């Protein structure tokens, strides 16, 4: 059984389009005894056809991607991340957690430990664009987000669940 929490951020907020697909929070998916935490996330993401692209903290300003979904694997430290725009909920993420952010969902780091770091990955053959919370671009970004396909595998569980369960049971 796959363990994840869902968070729905379906309505636009300011210039952030958000998405009808739920955000997925995977708590403590990495083994605590993993020797190289970043490499563990990179190997799992890559095995499940979500090529890892970067190691970095999360930006401290609201941003989102209109052309791809994004997964973050937290390999060091902890942080509070605001989701969905400037009035959205704040979630606490720590080493071993991961979050799958649907295209269009705003995210930014609010507070973090000095050692906070994440691995970022995207479905294959996609280079993420980057938009800021700008209301004048909302109609364009809503249109872009609506065209993003559901990925064919979950970044952590492959063909065994996660987004394949949560995103394909949308009414």
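Residue numbers (the UniProt record's numbering): 1 to 171.
Using N, Cα and C, we set each Cβ at its ideal position, and we do this for glycine too.
Quick caveat: nothing in here was measured; it's all calculated off a predicted structure.
Are the Cβ atoms of residue i and residue j separated by less than 8 Å?
i: residue 121; j: residue 53; result: yes
i: residue 174; j: residue 109; result: A question about residue 174 goes unanswered here, because the residues of the chain that appear run from 1 up to 171.
i: residue 23; j: residue 132; result: no
i: residue 32; j: residue 96; result: yes
Residue i and residue j look like a contact to me (Cβ under 8 Å); what is the Cβ gap, rounded to whole Å?
i: residue 81; j: residue 98; result: Not quite, the Cβ-Cβ distance comes to about 12 Å (not below 8 Å), so this is no contact.
i: residue 14; j: residue 86; result: 6 Å
i: residue 106; j: residue 141; result: Going by Cβ atoms, the distance from residue 106 to residue 141 rounds to 10 Å, so no, they are not a contact pair.
i: residue 114; j: residue 66; result: Not really, about 32 Å apart at Cβ, beyond 8 Å.
i: residue 119; j: residue 34; result: Not a contact, Cβ separation roughly 12 Å.
In its own chain, which residues sit with a C-beta less than 7 Å from the C-beta of residue i, not counting the 5 before and 5 after it?
i: residue 11; result: 18
i: residue 116; result: 57, 76, 77, 78 and 79
i: residue 144; result: 66 and 67
i: residue 16; result: 62, 64, 84, 85, 106 and 133
i: residue 184; result: The requested residue 184 is not part of the displayed model; the chain covers only 1 to 171.
i: residue 8; result: 22
i: residue 156; result: 26, 29, 44, 48, 98 and 162
i: residue 164; result: 154
i: residue 93; result: 74, 78, 79, 81 and 99
Starting from the C-beta of residue i, find all residues in its chain whose C-beta is less than 6 Å away, skip the five residues before and the five after it, and write them out in chain order.
i: residue 153; result: 48, 49 and 159
i: residue 5; result: 25
Starting from the C-beta of residue i, find all residues in its chain whose C-beta is less than 8 Å away, skip the five residues before and the five after it, and write them out in chain order.
i: residue 90; result: 80, 81, 82, 83 and 110
i: residue 51; result: 45, 121, 122 and 124
i: residue 139; result: none
Which one or two residues does DSSP pair with residue i in a beta bridge?
i: residue 94; result: 78
i: residue 120; result: 54 and 72
i: residue 129; result: Looking at the DSSP assignment, residue 129 forms no beta bridge with any residue, so it has no partner.
i: residue 112; result: 79
i: residue 156; result: In the DSSP output, where bridge partners are listed per residue, residue 156 has none listed.
i: residue 107; result: 63 and 83
- Query: Taking the runs of the alpha helix (DSSP H) that are 4 residues or longer, which of them lie wholly in the region 5-68?
  - Reply: 37-47
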